[in-house]
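Each position in the sequence shown, counted from 1, maps to that position plus 606 in the working numbering.
Where is the CB? At the ideal position from N, CA and C, for every residue including glycine.
Source: prediction; values computed, not measured.
Here's the structure we're looking at; comments come further down.
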Amino acid sequence: NETPAATGRVFEKEPGHFSIGRVAVAKRLRGEGYGRLVMNTLENQARVMGASSVSLSAQLQARGFYEALGYQAYGKVYLDQGCPHISMRKAL
């Protein structure tokens, strides 16, 4: 099967600070470590490109997942496309 299992992106927002986004794992594969693998890969790529920190916008339901990876929430909960989100960041 050639259906993608998981995806994500990372890009530089300003010198030394990168943003991670569009992280997604196919429903049938959630809970099997693909999300952690994608995040580790994106963080490593950010380091290679010179990042000292990364940030992301997390759906509120995924906050615990990102906290387990060392991210810290900041700011207030806000709606994006009608879904509650929280800003999170991590030093690398």
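Around the beta carbon of Met655, a 10 Å sphere encloses fewer than 16 other beta carbons of the protein chains shown; the residue is thus reported as exposed. A distance below 8 Å between beta-carbons, with the five flanking residues on each side excluded, links Gln687 to no residue of its chain. His623 is positioned such that its CB atom lies no closer than 8 Å to that of Ser663. According to DSSP, residue pairing for Tyr680 in a beta bridge involves Ser693.
Each residue's CA atom was taken as its position, placing Gln651 and Gly676 some 17 Å apart. In this chain, the beta strand (DSSP E) harbouring Thr613 covers 612 to 620. Residue state for Gln665 is assigned as strand, using DSSP reduced to three classes. A straight line joining the alpha-carbon of Met645 with that of Arg653 spans about 12 Å.
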